[in-house]
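Line order of the protein sequences matches chains F and Z. Position 27 (the first sequence) corresponds to 26 in numbering that gives the first Met the number 0; numbering is contiguous. Position 67 (the second sequence) corresponds to 66 in numbering that gives the first Met the number 0; numbering is contiguous. One structure is given below, encoded as structure tokens.
2 protein chains.
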Amino acid sequence: MIPNWIEQRAGLTPKRVALTFNKQQWTFEELSQQSKYYVQVLTDAGITTGQRVAIYGKSTPQLVKIIFACMQLQVEMVLLNLRLSKPELQYQLEDAAVHAILIDDDLVEGLPNTTTPQLKFSLFEQSVTEGTVIQRWNRETTMTIMYTSGTTNLPKGVRQTVGNHLASATSSLYNTGLVEDEAWICTVPIFHISGFSMLCKCILHGVRLDLYEKYDVESVAQQLIEGTATRMSAVAIMLEKIISHIEKSGKKASPRFQLILGGGGPIPEDYLKRAHAIGIRVAQTYGMTETSSQTATLSSEDALRKLGSAGKALMFNEIKIDGATQAGEHGEICVRGEHVTPGYIGRHAHIPTTVDGWLHTGDIGYMDEEGYLYVADRRSDLIISGGENIYPAEIENVLLGHPAVLGAGVCAVANDVWGQRPIAFIVKKKDVTSEELAVYCKEHLAKYKIPDAFYFIEELPRNGAGKLMRRKLHAYIEI
Amino acid sequence: MIPNWIEQRAGLTPKRVALTFNKQQWTFEELSQQSKYYVQVLTDAGITTGQRVAIYGKSTPQLVKIIFACMQLQVEMVLLNLRLSKPELQYQLEDAAVHAILIDDDLVEGLPNTTTPQLKFSLFEQSVTEGTVIQRWNRETTMTIMYTSGTTNLPKGVRQTVGNHLASATSSLYNTGLVEDEAWICTVPIFHISGFSMLCKCILHGVRLDLYEKYDVESVAQQLIEGTATRMSAVAIMLEKIISHIEKSGKKASPRFQLILGGGGPIPEDYLKRAHAIGIRVAQTYGMTETSSQTATLSSEDALRKLGSAGKALMFNEIKIDGATQAGEHGEICVRGEHVTPGYIGRHAHIPTTVDGWLHTGDIGYMDEEGYLYVADRRSDLIISGGENIYPAEIENVLLGHPAVLGAGVCAVANDVWGQRPIAFIVKKKDVTSEELAVYCKEHLAKYKIPDAFYFIEELPRNGAGKLMRRKLHAYIEI
């Protein structure tokens with residue numbers, strides 16, 4: 000059991016600024032106060048500790064307070080990805096069996112039809128009564144649930160406990176330290192672990208979060224130049240935009256600015272060198288939803304010397320390469336530590352997540368002789384596009400639902416802007432066009448998952464057991 | 000289970016300087032390597048994981064490596080106070096039933112006669128074979144044992160687990176952060192929790208420890224002026240010496256120097272003001288052996304506004320005033336958190352340490368309306384002299400062993416240099432002089448515990464139940 004983070008933080012540094020958004024700001028005391036008002040709304044709606052709600056909201060202070068209120072009451076939060084299609088949302092809501100959906104007033108149209116009670120964000124703002132909060136939290140309690148696909152075609156709801164988030168924030172603190180007037184720029188979605196972990200750091204480390212609803216490269220670049228913030232997380236495409244912007248301005252990042260954590264796939268060498276030239280330190284990380292953010296991080300000092308590496312496991316984390324007996328040997332990357340999820344919910348609740356404490360990530364990699372991790376091949380042919388994970392099986396599953404499709408195989412192609420993009424190979428049952436398939440996909444999938452191209456072929460490459468060999472699909476494009 | 004701190008740290012920052020002593024220095028990789036050689040010596044001597052050894056050594060790099068070796072093998076360490084008399088050491092060695100005594104070659108004369116095997120430090124230096132280390136540590140495992148007296152007259156061996164030390168280092172990190180090129184000056188004894196906790200921070204936080212065998216005010220002051228270190232812990236008397244030295248030099252502390260943690264009793268107002276004037280930030284702390292160092296800390300910003308306060312509980316710690324229903328009300332200070340000892344060893348092993356997780360410290364204090372802790376009265380008439388705890392009962396017990404003493408009562412008097420000093424009140428059975436009693440005490444007690452004065456009186460103040468009322472002893476001096 001540990002003390003309620005929000006109350007403890009508000010007690011320690013009440014007047015410190017916790018959050019900024021546009022030109023507004025909130026102290027820790029204010030966030031604590033307002034989240035307690037919000038708790039009363041949850042309680043009035045019959046939501047009690049240990050129950051589960053879904054949250055569907057843009058990255059705004061309102062969302063932060065809603066999340067804080069759920070923490071205060073120790074209610075499990077299913078964080079819905081705003082980019083998902085209605086059928087995808089429907090699946091998650093059903094699988095998670097939530098008691099209520101807390102929804103941004105502006106986004107009501109985005110939800111599928113559901114009988115689940117909905118609480119609009121505006122309702123919370125009317126409360127002026129403090130609800131009763133949970134003063135001590137159990138490390139084992141599930142705090143958040145985020146859906147990710149993995150090897151099956153049905154997304155799995157990953158549990159992240161109080162202890163998981165705490166372990167992640169603590170490892171990060173041991174890794175990067177904490178400077179005076181620390182402030183994180185948050186432009187990544189809060190419904191992803193990258194964004195949510197920043198919210199946790201804000202409370203736990205007592206640092207300011209500069210929240211952006213949308214990625215605003217101009218403002219972010221300005222913050223780096225002026226040194227009004229100290230850290231941020233970014234995927235490659237965001238990083239490139241910042242670099243270009245600062246390069247054009249002829250300026251450099253302030254030495255007050257500490258670090259960009261680069262996640263969601265590898266950062267190209269060219270970006271690292273250009274970042275270095277304008278005074279931006281970049282640390283490549285390796286993490287995933289199942290590990291509540293970072294497991295390993297390459298220090299910025301090693302960024303160029305160990306190009307392509309994701310660094311070393313943080314202080315309390317462990318990494319091993321399954322089956323490898325020496326440096327350089329490839330194998331499945333396995334992760335152990337208190338940041339690793341205890342399991343899934345819903346229909347996947349029975350699937351064990353770890354073996355002897357080790358999470359088998361499905362990613363293939365190796366360690367060099369100095370113990371630096373290199374991720375060679377992503378799990379289950381995972382495609383990473385602009386920081387979003389795309390699982391081929393999920394797209395194939397949708398395509399196979401189309402009456403004209405007999406077989407479908409999806410793989411990645413390199414893309415200058417997004418890193419990777421999915422393309423599809425189709426074996427037809429009857430006549431159909433690429434356009435028709437794209438429209439069909441759009442009805443069932445988040446926009447970023449729709450393949451950039453559809454290739455019609457005679458037969459899919461399969462192994463002896465009939466298993467689709469996605470890696471062989473590339474051969475068809477080269478023809 | 001968590002990864003072996005030393006190996007994890009050596010893997011993360013192998014080339015970083017971990018320790019300096021006089022003009023020498025050692026990296027984390029070197030300390031890891033050498034401590035593994037030392038492990039082989041322990042193993043050769045038949046000492047195995049889970050067994051208990053006593054350590055009797057000066058604050059030298061050798062001592063650090065010995066301690067690291069014991070950590071590597073997960074051997075319990077009883078850290079012997081170098082100031083104790085032979086009978087006091089004898090008691091601790093017997094109570095702890097140690098398998099061996101690891102002893103500084105220079106200090107062999109200081110040990111009482113014992114049949115316990117002794118391993119001299121010089122023996123360790125000859126090893127060139129790596130021993131087998133424990134790769135994963137259990138949070139519940141006892142790492143250190145330190146004796147403290149408390150309310151009984153027999154000192155109790157307090158267990159501090161891996162998890163206790165980790166929780167303490169983590170709370171401290173959350174509290175003060177970590178700057179670039181962080182380095183702690185260690186002039187306090189490693190056998191006390193104040194020094195040992197710095198060793199833990201060194202490994203866990205990856206910061207340099209500038210170790211001093213003896214308190215050298217000139218060198219320390221110079222480090223503050225030049226900013227070659229960032230933090231230190233000090234008791235009032237040490238702080239005053241640093242301040243005086245810097246004042247005389249006409250200089251100021253470098254802004255690179257971050258903070259002095261002031262422990263072992265309150266820091267006088269005058270010292271705080273003078274420290275402030277020469278650019279030294281001082282944070283008053285409240286901690287004890289049973290809490291593996293700090294529980295609460297007053298931030299340096301609040302140092303003058305909340306004069307006399309020990310601040311607020313650190314991020315994962317809790318403090319309550321037993322029985323108090325409102326701010327300002329006095330009561331027993333109770334502490335909860337993962338830094339609290341799970342219990343004692345030896346003859347006190349059966350005594351429970353916490354009630355519902357709360358350690359009842361015996362100290363009396365109150366919280367103000369903003370939640371700041373004030374320690375009003377130390378536990379069991381505890382006397383704090385130059386940072387060392389002195390328990391009146393222990394001295395009275397020795398005095399009562401003298402054939403001429405019928406009754407004895409010990410209490411504190413204020414002292415400009417040491418903060419407090421003990422004085423004794425004696426009811427004689429037959430003729431005896433102050434000098435004779437002082438000589439007798441010297442045979443049985445550490446030098447700092449010998450009363451500064453002996454007053455001969457007719458009768459001791461006792462309550463109805465016959466219990467000695469030490470607080471009434473002061474009245475006799477005023478006569």
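Quick reminder that beta carbons are idealized off the backbone N, C-alpha and C, glycines included. Remember, it's a predicted structure, so these values are computed and weren't measured experimentally.
Where does residue i land, buried or exposed, given buried means 16+ other C-beta within 10 angstroms?
i: Glu87 of chain F; result: buried
i: Leu399 of chain F; result: exposed
i: Val480 of chain F; result: Since the first residue of chain F shown is 0 and the last is 478, residue 480 of chain F is not available in this structure.
i: Val438 of chain F; result: exposed
i: Thr296 of chain F; result: buried
i: Asn388 of chain Z; result: buried
i: Ile350 of chain Z; result: exposed
i: Leu303 of chain F; result: exposed
i: Arg470 of chain F; result: exposed
i: Ile332 of chain Z; result: buried
i: Ala68 of chain Z; result: buried
i: Thr432 of chain Z; result: exposed
i: Gln222 of chain Z; result: buried
i: Gly408 of chain Z; result: buried
i: Leu179 of chain F; result: What sits at residue 179 of chain F in the sequence shown is Glu, not Leu. Exposed, since its Cβ has fewer than 16 Cβ neighbours within 10 Å.
Check this for me: beta carbons of residue i and residue j, under 8 Å apart or not?
i: Glu442 of chain F; j: Ser31 of chain F; result: no
i: Leu118 of chain Z; j: Ala99 of chain Z; result: yes
i: Thr352 of chain Z; j: Glu393 of chain Z; result: no
i: Gln293 of chain F; j: Ser126 of chain F; result: no
i: Val74 of chain Z; j: Ile102 of chain Z; result: no
i: Ser291 of chain F; j: Ile192 of chain F; result: yes
i: Ala182 of chain F; j: Arg158 of chain F; result: no
i: Tyr475 of chain F; j: Phe424 of chain F; result: yes
i: His232 of chain F; j: Val187 of chain F; result: The question names His, but residue 232 of chain F in the sequence shown is Ser. Going by C-beta atoms, Ser232 of chain F is nearer than 8 Å to Val187 of chain F.
i: Ile184 of chain Z; j: Val219 of chain Z; result: yes
i: Asp376 of chain Z; j: Cys410 of chain Z; result: no
i: Leu459 of chain Z; j: Lys427 of chain Z; result: no
i: Ile363 of chain F; j: Gly330 of chain F; result: yes
i: Ser298 of chain Z; j: Val281 of chain Z; result: no
i: Lys57 of chain Z; j: Leu81 of chain Z; result: yes
Below 9 Å on C-beta distance, what does residue i contact in chain Z?
i: Leu172 of chain F; result: Thr169, Leu172, Tyr173, Gly176 and Leu177
On the DSSP letters alone, give me the boundaries of the alpha helix (DSSP H) that residue i sits inside.
i: Met197 of chain F; result: Ile192 to Lys200
i: Lys247 of chain Z; result: Ala235 to Ser248
i: Ser218 of chain Z; result: Val216 to Glu225
i: Met142 of chain F; result: It is not in any alpha helix (DSSP H) - Met142 of chain F instead sits in the beta strand (DSSP E) that spans Thr141 to Thr147.
i: Phe67 of chain Z; result: Pro60 to Leu72
i: Thr42 of chain F; result: Phe27 to Asp43
i: Val416 of chain Z; result: Val416 of chain Z -> no alpha helix (DSSP H), and no H or E assigned at all.
i: Asn396 of chain F; result: Pro391 to Leu399
i: Asp104 of chain Z; result: Note, Asp104 of chain Z: premise wrong, no alpha helix (DSSP H); not H, not E.
i: Leu81 of chain Z; result: Unbroken run through Leu81 of chain Z: none, as it is neither H nor E.
Rounded C-beta distance between residue i and residue j? I'm assuming under 8 Å.
i: Leu444 of chain F; j: Met314 of chain Z; result: With a Cβ gap of about 42 Å, Leu444 of chain F and Met314 of chain Z do not count as contacting.
i: Val132 of chain Z; j: Leu72 of chain Z; result: 7 Å
i: Gly345 of chain F; j: Ala95 of chain F; result: 6 Å
i: Ala44 of chain F; j: Val77 of chain F; result: Ala44 of chain F to Val77 of chain F, Cβ: 16 Å. No contact.
i: Glu246 of chain F; j: Arg273 of chain F; result: 7 Å
Just the chain Z side, please: which residues come within less than 7 Å of residue i by C-beta, in chain order?
i: Gln7 of chain F; result: Met314
i: Ile1 of chain F; result: Phe315
i: His164 of chain F; result: Those within 7 Å of His164 of chain F in chain Z number zero; the least Cβ separation is about 14 Å.
In chain F, which residues lie less than 8 Å from residue i when you measure between Cβ atoms?
i: Leu372 of chain Z; result: Chain F residues near Leu372 of chain Z: none, gap ~12 Å exceeds 8 Å.
i: Leu203 of chain Z; result: Tyr173 and Met314
For residue i, report the span of its beta strand (DSSP E) as first-last.
i: Leu78 of chain Z; result: Glu75 to Leu78
i: Lys119 of chain F; result: Gln117 to Lys119
i: Asp376 of chain F; result: Leu372 to Asp376
i: Asp209 of chain Z; result: Arg207 to Leu210
i: Gln159 of chain Z; result: Lys155 to Thr160
i: Gln283 of chain F; result: Val281 to Met287
Give the interface partners of residue i over in chain F, defined as CB-CB distance under 7 Å, in chain order.
i: Gly10 of chain Z; result: Lys311 and Gly370
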